[in-house]
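Below: the structure, in structure tokens.
Residue numbers (the numbering used here): 20 to 93.
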């Protein structure tokens with residue numbers, strides 16, 4: 020898992036891609052792929068099921084919380 024890549028995708032979701040659901044969904048799929056969240060259940064066509072999307076949203080929240088926690092300890 021490339022944490023810098025995931026952080027960049029989250030940044031895109033939260034800033035550049037606001038209002039463009041297709042780009043947001045693409046970044047979420049990229050995060051799932053890079054983090055190996057769904058192994059062979061990840062659809063190669065770049066789409067997530069609603070359940071997978073919810074899990075990616077939770078992953079993003081946890082990722083952001085852990086990055087903030089790590090940065091505050093520096």
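We treat Cβ as the ideally placed atom computed from N, Cα and C, and that holds for glycine.
Go through its chain and collect everything with a Cβ distance to residue i's Cβ below 8 Å, but skip five positions before and after it.
i          : result
residue 84 : none
residue 34 : none
I'd like the list of long-range same chain contacts for residue i, defined as Cβ closer than 6 Å, with 5 residues on each side in sequence excluded.
i          : result
residue 48 : 65, 67
residue 93 : Any reading at residue 93 must be qualified, since the residue scores a pLDDT of 39, below 50, and its modelled position is unreliable; the value itself is stated next. Excluding sequence neighbours, residue 93 sits near nothing in its chain.
residue 39 : none
Indicate whether residue i and residue j have their beta-carbon atoms separated by less than 8 Å.
i          : j          : result
residue 82 : residue 56 : no
residue 22 : residue 51 : no
residue 62 : residue 25 : no
Give me, in chain order, the residues of the same chain whose beta-carbon lies closer than 7 Å to that of residue i; leave out the 5 immediate sequence neighbours on both sides.
i          : result
residue 36 : 42, 43, 46
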